[in-house]
Every structure is written in structure tokens, then in C-alpha cells.
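So the structure is just underneath, and the comments pick up after that.
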Amino acid sequence: MSTQTFTVTGMTCGHCVASVTEEVSEIAGVENVDVDLATGAVTVTSSEPLEDDAVRAAVEEAGYQLA
1 MSTQTFTVTG MTCGHCVASV TEEVSEIAGV ENVDVDLATG AVTVTSSEPL
51 EDDAVRAAVE EAGYQLA
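Residue numbering for the sequence shown follows the UniProt record's numbering, beginning at 1 and increasing consecutively.
Spelled out as C-alpha cells, the structure:
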């Protein structure tokens, strides 16, 4: 089990949180995604450590950026 935290910029509402959660959840091995709108923190629990590029691509697909 691996837990990593990333910071996402540009989120302003619950829909933003849902979009990021949905895209990051689709990465292979991801078991849980917790997004804190106020801080932009995205905590991802996965079966093994994730590549930053995979998370970046998922966040960008949702329309946001990693800080």
C-alpha cells in the first residue's frame, strides 16, 4: 500500500473535486482518492507507488494542473 499527496491548482468547487477524483481514480492500482478543495491537496492511496507523470496526465485530463 502506498499513499502519496499531490497539490492541484485551479479547483474552485465541488465539481472540480469530482472531476479530479474521477480521473485520478482511473489510474491502474488506485484504491482511494481524497481531495481537499481548500488546500488543493490530493491524497492518493494505491497498491504501489504511482508515477508522477500518470497523476499529472489524469489531473490535466480533468482540466487542472499539478503545482
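Idealized CB from N, CA, C, for every residue including glycine. From a predicted model like this one, the values you see are computed outputs, not experimental measurements.
Cut-off 6 Å between Cβ atoms - residues of its own chain near residue i, not counting five sequence neighbours on either side
i     : result
Ser47 : Gly29
Thr45 : Thr3, Glu31, Asn32
Beta-carbon contacts of residue i that lie in its chain and below 8 Å, excluding the five residues immediately before and after
i     : result
Glu23 : Ala58, Val59, Glu61, Ala62
Spatially closest choice to residue i from the options, by CA coordinates
i           : options                    : result
residue 108 : Val20, Ala54, Pro49, Glu31 : Here the chain comprises residues numbered 1 to 67, so residue 108 is not present and cannot be evaluated.
His15       : Val35, Ala54, Ile27        : Val35
C-alpha distance - residue i paired with residue j, whole-angstrom precision
i          : j     : result
Tyr64      : Arg56 : 9 Å
residue 68 : Glu51 : Not covered by the structure: residue 68. The range shown for the chain is 1 to 67.
Thr9       : Ser25 : 18 Å
Pro49      : Thr12 : 28 Å
Same chain, Cβ closer than 7 Å to residue i, neighbours up to 5 away in sequence not counted
i     : result
Ala54 : Ile27
Whole runs of the beta strand (DSSP E) within the UniProt domain "HMA" (2–67), excluding any shorter than 3 residues: Entirely contained in the UniProt domain "HMA" (2–67), the beta strand (DSSP E) runs reaching 3 residues are, in chain order, 2–9, 30–36, 41–46.
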